[in-house]
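There are 2 protein chains.
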Amino acid sequence: MTTDTNQDKAIRDDIFEYASYLEFGELHFKVDNTTGLRACIAIHSLKRGPALGGCRFIEYGSTMDAVRDAMRLAKGMSYKAAICDLTLGGGKAVIMKPANMGDREAFFKVFGQFVDSLNGRYITAKDSGSSTADMDAIATETAYVTSTSKMENGLNGDPSPFTSYSVCRGIEAAVQFKLGQTGLNGIHVAIQGVGAVGYGLAKRVHELGATLTVSDINPESTQRCAQEFGAQVVEGDAIYQVDCDVFSPCALGAVLNDDTIPLLKAGIIVGAANNQLARTRHGEILRERGVLYAPDYITNAGGLIHASAQYHKSSEKTAMEQISRLYGVLLGVFDRAEQDGKPTNEVADAMAEEKL
Amino acid sequence: MTTDTNQDKAIRDDIFEYASYLEFGELHFKVDNTTGLRACIAIHSLKRGPALGGCRFIEYGSTMDAVRDAMRLAKGMSYKAAICDLTLGGGKAVIMKPANMGDREAFFKVFGQFVDSLNGRYITAKDSGSSTADMDAIATETAYVTSTSKMENGLNGDPSPFTSYSVCRGIEAAVQFKLGQTGLNGIHVAIQGVGAVGYGLAKRVHELGATLTVSDINPESTQRCAQEFGAQVVEGDAIYQVDCDVFSPCALGAVLNDDTIPLLKAGIIVGAANNQLARTRHGEILRERGVLYAPDYITNAGGLIHASAQYHKSSEKTAMEQISRLYGVLLGVFDRAEQDGKPTNEVADAMAEEKL
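So this is what it looks like as structure tokens:
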């Protein structure tokens, strides 16, 4: 789901107005003066199941910035779970990172008690700024937590390989739909960002016969792809102009914008990054240019499926099978977008709403 | 508890800042676009037990006005339960009254589901703007509700007789402390407001031998007191200037202010109204003038004790015994205030804080 950010100020600055606008739901706040905890848990929808969503721990300019972030992201989680046919609702937590942090373990334990008080309506997970160790601290206070360090049925706290796989399945679906080709033999994929997820993706598509071009701010990461997969390496913004079949944004958000879209030569975009479209309207711009865009919240759903599997103590095999089925979900979105002459991001949102 | 309202705007306008300032606690928000419900439940403290507090259903100028009201009142409930030695925490709910109300029963049912989702951390009750019928609608969705129409062990939803009794016990304690007299024989009590609570108080003190002066905006209410108890009747602000032993505000809040205090001839103030002191500092002004003020949140605690008894299915007898013990609570406050040379309202707050 993409949300444009130019809503009326009166709506943006009022909790009830903004919640109503996003069709909430519930919001829960906890303040603890002893540890300095200031946390907000946003639960957008519980219709499909408990709300599993990450816990952001970053600095915010204001309380309303933090609350809006929680609400916007929670709604995104509802859509993601719905379109991917997961039995999960949509929720997200934000914790305002204090200027001076005291005992971090005690801090996250109090957050764990807060999560526990909601009796499983919300299940927390690692997100920007929070760590596996934080999840372990939370787990001393509540069972409603995932992405801990504890191994369960071969699943550990690292979702990267699962996200890599969901992006790979997205590329396979898009290549099938757009080029009529089964498998990735001879397909040229340009990956922006080859950290944990991008590297795993490079490995997978290489094994399926694709050729690679990669970029990353870290030269060691690109070097490894060159050595192991024979990838071409380009610097910085050159990745947008690579003459390839698939462009795969696996680093930053908002990389599909007015500046970059005219540069792209790829006919397919499938990546792991969150919020790839700078604005909702960029989905329409891509459609007009004949570029097939796979909505990011479907293609990177491997991470959520991993967290859900860890929480439900199901196996890696089950999680991987669930991720594999995203192929069919995406074909459904592509089909309907073509039939209705609409951008894929809007079609995905509409299909998610039908399931909510 | 009295809270001055001139806090820094930056604190007042920020949920986390204001909550931290009031030493919260938790806040929960629910939005339901179908019924139009916009509700906030503030839980200040759970240390002594579940947070029992009323549900206000009134129009607010803004969301933050409503949220601040909930937080301020919830903190007051914490103090009230603590000073009265009740095994309750402190909480309050506010619902923003919509301009156009649809199906009221459905509206309060959704609120009931919201209350239920907190699993008994908060127990709701009737308050300004909400009715017994609303509580009955809530009760179809949750067990965490009191002041319903259902009779339990002779206790029904009307707390007035219990509040009358707690005020009466307050007058007895103050007369004992200040005048050294046991019982109210010959004591002159001036009651401002003889609605349900004030009338019940008039009846009680009359039976104990007191003489009465009463005022009310409703002439039928004063007439009844004149006929049944031989009460003198005065109009409007004349009640402040009655040459009596006890002034008992049982109508409006903030009646002890810079304008009224110089008019008072009574040496004792004990009433049922909430927030009788316009500002915290008016407690000190009364002390300097030698007036014994019984903190309102103790003297009107009969209502809370009634709600708690109804919720816990205990008997009227048990509730009345508990109310009777407020006599000792007040003597403790009066003693310490005299020893420390401090106003009774500040001493009561300090004693409540020691129990929180």
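Just so you know, the protein sequences line up as chains A and B, in that order. Numbering that gives the first Met the number 0 numbers the first residue of the first sequence as 0 and each following residue consecutively. Numbering that gives the first Met the number 0 numbers the first residue of the second sequence as 0 and each following residue consecutively. Beta carbons are placed, not taken as given, at the ideal position from N, Cα and C, and that holds for glycine.
- Proximity of A:VAL66 to chain B, defined by a Cβ-Cβ separation below 9 angstroms, is satisfied.
- When rounded, the separation of the alpha-carbon atoms in A:SER146 and A:THR33 is 26 angstroms.
- Within a 10 Å sphere around the beta-carbon of A:GLN226 sit fewer than 16 other beta-carbons, which makes this residue exposed.
- For A:HIS27, at least one C-beta of chain B is nearer than 9 angstroms to its own C-beta.
- Counting other Cβ atoms within 10 Å of its Cβ, B:ASP295 reaches 16 or more and is therefore classed as buried.
- The beta-carbon distance between B:HIS187 and B:CYS243, rounded to whole angstroms, is 4 angstroms. This is short enough to meet the 8 angstroms contact definition.
- For A:ASP13, the nearest beta carbon of chain B is closer than 9 angstroms to its own beta carbon.
- Under the Cβ criterion of 9 angstroms, A:PHE107 is not counted among the residues facing chain B.
- Sequence-distant Cβ neighbours of A:GLU104 in its own chain, meaning closer than 7 angstroms and more than five residues away, are ALA136.
- Counting along the chain, no alpha helix (DSSP H) covers B:LEU85, and no H or E run does either.
- A contact between stretches requires three or more CB pairs, one per stretch, nearer than 8 angstroms, and the region 53 to 67 of chain A meets this requirement with the region 114 to 129 of chain A.
- Listed along chain A, the residues sitting closer than 8 angstroms to B:THR62 by beta-carbon distance are ASP13, ILE14, PHE15 and GLU16.
- Contacts with chain A at 9 angstroms (Cβ-Cβ) do not include B:GLU171.
- At the C-beta level, B:GLY24 and B:ILE42 come within 9 angstroms of one another.
- Residues of chain A whose Cβ lies closer than 7 angstroms to the Cβ of B:GLU22 are, in chain order, ASN32.
- For B:SER116, the nearest CB of chain A lies under 9 angstroms from its own CB, placing it at the interface with that chain.
- The beta-carbon of A:PHE113 is placed less than 9 angstroms from the nearest beta-carbon of chain B.
- Minimum Cα-Cα distance from B:TYR59 among the listed residues B:THR210, B:VAL93 and B:PRO49 corresponds to B:VAL93.
- Here the alpha carbons of B:GLY179 and B:GLN338 stand approximately 17 angstroms from one another.
- B:PRO261 is the residue among B:GLY156, B:PRO261 and B:LYS341 whose C-alpha sits nearest the C-alpha of B:TYR239.
- When only Cα atoms are considered, B:TYR164 and B:ALA201 end up about 10 angstroms apart.
- For the set A:ASP258, A:ALA209 and A:VAL66, the Cα lying nearest the Cα of A:GLY185 is the one of A:ALA209.
- For B:SER19, the chain A residues whose Cβ falls inside 8 angstroms of its Cβ are VAL30, ASN32 and ARG37, in order along the chain.
- Contacts with chain A at 9 angstroms (Cβ-Cβ) do not include B:ARG286.
- Three or more Cβ pairs closer than 8 angstroms define a contact, and the region 255 to 270 of chain A falls short of that threshold against the region 330 to 346 of chain A.
- Contact between A:GLY192 and A:ALA250 holds, since their C-beta atoms are separated by about 3 angstroms, short of 8 angstroms.
- What A:MET100 touches in chain B, judged by beta-carbon distance under 9 angstroms, is nothing: the nearest beta carbon there is about 16 angstroms away.
- Neighbours of B:ARG120 in chain A, taken as residues whose beta carbon is under 9 angstroms from its own, are SER116 in chain order.
- In this structure, B:GLY88 keeps its C-beta atom at 9 angstroms or more from the C-beta atom of B:LEU21.
- Burial state of B:MET76 is buried, judged by a 10 Å Cβ sphere holding 16 or more other Cβ atoms.
- Closest by C-alpha distance to B:LEU285, out of B:GLU171, B:ILE297, B:HIS27 and B:ASP258, is B:ASP258.
- Excluding residues up to 5 positions away in sequence, MET63 lie with their Cβ nearer than 7 angstroms to the Cβ of A:ASP12 in the same chain.
- Spanning the alpha carbons of A:GLY289 and A:LYS341 requires a straight line of approximately 12 angstroms.
- In the three-state reduction of the DSSP assignment, B:MET95 falls in the strand class, which pools E and B.
- With its beta carbon at least 9 angstroms from every one in chain A, B:MET76 lies outside the interface.
- In this model, B:LEU355 and A:SER323 are separated by some 54 angstroms (Cα to Cα).
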